[in-house]
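Have a look at the structure below before the remarks.
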Amino acid sequence: MSPRSATIVGLLALAGSLGWAPARAPALPAYARLAQPADPAPAPPAQPAQTTHRARGLLGVPTGVTVDRNIVYATVGDRKLLLDVYLPDAGAAADDGKDAKDPKKAAAAKPALLPVIIWIHGGGWEMGTKDGCPAAALVPHGYAAVSISYRFSQVAPYPAQIHDCKGAVRWVRAHAKEYGLDPDRIGVWGASAGGHLVALLGTSAGVKELEGDTGGNLDQSSRVQAVCDWFGPTDIIRLCRMDLPDGAGEGLHPATPEKKPARAQHSTPRVIAKLLGGELPEKNDVARSASPIAFVDKSDAPFLIMHGDADTLVPLEQSQLLEKALKDASVPAELHVVKGGGHGFWNQELLDRVRGFFDERLKSPAPTTR
1331 MSPRSATIVG
1341 LLALAGSLGW
1351 APARAPALPA
1361 YARLAQPADP
1371 APAPPAQPAQ
1381 TTHRARGLLG
1391 VPTGVTVDRN
1401 IVYATVGDRK
1411 LLLDVYLPDA
1421 GAAADDGKDA
1431 KDPKKAAAAK
1441 PALLPVIIWI
1451 HGGGWEMGTK
1461 DGCPAAALVP
1471 HGYAAVSISY
1481 RFSQVAPYPA
1491 QIHDCKGAVR
1501 WVRAHAKEYG
1511 LDPDRIGVWG
1521 ASAGGHLVAL
1531 LGTSAGVKEL
1541 EGDTGGNLDQ
1551 SSRVQAVCDW
1561 FGPTDIIRLC
1571 RMDLPDGAGE
1581 GLHPATPEKK
1591 PARAQHSTPR
1601 VIAKLLGGEL
1611 PEKNDVARSA
1621 SPIAFVDKSD
1631 APFLIMHGDA
1641 DTLVPLEQSQ
1651 LLEKALKDAS
1661 VPAELHVVKG
1671 GGHGFWNQEL
1681 LDRVRGFFDE
1691 RLKSPAPTTR
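Letter by letter, the sequence shown follows residues 1331 to 1700 of my numbering.
Quick look at the structure:
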C-alpha cells in the first residue's frame, strides 16, 4: 500500500476523533468536539432542576439551551435513526423570565420562528456520534440546532447515508411547528465525512435518485438554504486517483484540472471502498453519485467552505475544486483556508465566521423557495 493510501485508510477511519485545537488555542468546549472521547467522559456537574420536559445539564449543552435527545426520525428495518434538537430555554427571550407572568409582555417577547442548523458528524462514514454538536454554540444567538445520526457504511453502503440526511431535513420541516422552527431557513454544517454529506445536501436538491424515502415525510422538501462544509471530500474519484489505473476517473467535472497526479496501481482505500460497496474503477458510477461536485448547478445553496492547508487526509484541493465549480455556476461560495490547519481545527474566530455566514444566509434574506 502506498504511503498516501495508508494515510487515507488510517486517518479517515479516525476522522470522528479529530484533534481540533491548535497550539495556544483556547480550551475546546465539550459541545464543540466532533466526537466523544474514547474514554468515558467525567460526570457533568449537577444542574438546577428543570420545569421543562427536555433534558438539561447534559455534557455539551451550553448555558441557556435545552435539548430533546434521541428522537426517532426514521426506522429502517430494525434500526432506529435518532436526532437531538437544541433550543433556547423557554422564556429566555422574555427578559430572563421576569415578564413570564405578564401575558402581554410575554407575547411581545415571544421569539420569531427559529432558523435551524443541522449538524452532521464525521468519522469516515463508519464511526462517530451525534452527541457532540458544535452547532449548539449558535443556539444562544437565535438558532435551533439539530444533530443527527445516519447509517454507517458497515450497515449499508452509499447512498444510504445521503438518504438518511435528506430524511432528517424532511423531518425537521414536518415538525417545524411543534418546535417553533422556520421551515424556510435550514442550514447544514458538517466536518470531514459530515462535510461531504452537507455538501451533497447543498448540491443535490431535486436529484431523484439521491432522495430516498428514509423516514417518509415525502411531501416535504429536502432542500437546504445554506451549507458550511468543513474539509469534506467533494470528488471521490479524484481523491482516490493515485490508487487507480491510468485513465480511470477522468471527466468527473469540468472543474477538475487537466494536470494529473502520479498514480500507483493500488487498491481503493478501505473506508472509501466500504462506503461505495466495492472497489474502483468498478464502482466509478457510485463514486460519481457520491461526489458533491458532480451535481453543482446555479440553484444550489450558498456555501462557506473551510479547509486547513496542512490537511494530510483530505487535500485542500478537494475544497478548491468545489469552490471553483460553485462559482462557475454563479453560486455564492467562499473558501476560507485555515493556515496551518490539519484535519480538524477550532477557535473563536472560526466560530464567529461560521455564525456570520449563517446570520447572513438564514436571517437576512427573504425565505428561500423550497
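A virtual CB, placed ideally from N, CA and C, is assigned to each residue, including glycine. No experiment lies behind these values; they were computed from the predicted model shown.
Under the rule that a run must span 3 or more residues, the beta strand (DSSP E) segments found entirely inside the region 1443-1488 read 1444-1450, 1474-1478. In this structure, DSSP gives G1542 a state outside helix and strand, which the three-state scheme calls coil. The shortest C-alpha to C-alpha distance from L1652 to any of D1658, I1623, H1666, G1638 is the one to I1623. In its chain, beyond the 5 residues on either side, no residue has a beta carbon closer than 7 Å to the beta carbon of A1442. With contact defined as three or more Cβ pairs closer than 8 Å, the region 1537-1557 and the region 1393-1406 are in contact. Under the 8 Å Cβ criterion, the region 1632-1645 counts as touching the region 1680-1693, having at least three qualifying pairs.
Under the DSSP definition of a beta bridge, T1396 partners with L1417.
Between L1413 and S1483, the gap from beta carbon to beta carbon reaches 8 Å or more.
In this structure Q1648 is buried. Its beta-carbon is surrounded by 16 or more other beta-carbon atoms within 10 angstroms.
In the DSSP assignment, K1410 is bridged to T1405. The secondary-structure analysis by DSSP pairs A1663 across a beta bridge with F1633.
Sixteen is the threshold: since fewer than 16 other Cβ atoms of the shown chains lie within 10 Å of the Cβ of T1642, the residue is exposed. Between G1510 and I1450, the gap from beta carbon to beta carbon reaches 8 Å or more. Inter-residue distance for R1481 and V1528 is about 15 Å (C-alpha atoms, whole angstroms). In the same chain as E1664, and ignoring 5 residues on each side of it, the C-beta atoms closer than 8 Å to its own belong to F1633, L1634, I1635, E1653, F1687, in chain order.
DSSP places D1658 in the uninterrupted alpha helix (DSSP H) bounded by 1646-1658. Taken through DSSP and simplified to helix, strand or coil, A1556 comes out as strand. In the structure shown, P1513 adopts extended strand secondary structure according to DSSP, grouped into three states.
At least 8 Å separates the beta-carbon of P1599 from that of R1515.
Straight-line spacing of the CA atoms in P1563 and K1628 works out to 21 Å. The C-beta of G1452 has 16 or more other C-beta atoms within 10 Å across all chains shown, which makes the residue buried. The beta carbon of L1646 sits closer than 6 Å to those of H1637, D1639, all from its chain and outside the five residues before and after it, given in chain order. A distance below 8 Å separates the beta carbons of F1625 and V1537. With a 10 Å radius around the Cβ and a threshold of 16 neighbouring Cβ atoms, D1461 comes out buried. In the DSSP assignment, S1619 falls within the unbroken alpha helix (DSSP H) covering 1614-1619. A Cβ-Cβ distance of about 5 Å is found for the pair S1552 and R1500, placing them in contact under the 8 Å criterion. If you look at Q1678, you'll find it in the alpha helix (DSSP H) that goes 1678-1688. For V1499, the enclosing alpha helix (DSSP H) has its first and last residue at 1490-1504. Less than 8 Å separates the beta-carbon of V1557 from that of G1517. The beta-carbon distance between L1569 and I1492, rounded to whole angstroms, is 17 Å. This is too long to meet the 8 Å contact definition.
The C-beta separation of Q1550 from A1504 comes to about 5 Å, placing the pair in contact by the 8 Å criterion.
One thing to note: L1417 has its Cβ within 8 Å of the Cβ of A1474. Between L1656 and V1554, the alpha-carbon positions lie close to 15 Å from each other.
Around the beta-carbon of D1630, 16 or more other beta-carbon atoms lie within 10 Å, marking it buried. Counting only the Cα atoms, W1455 lies some 12 Å from G1520. G1532 and T1393 have their C-alpha atoms spaced approximately 31 Å apart.
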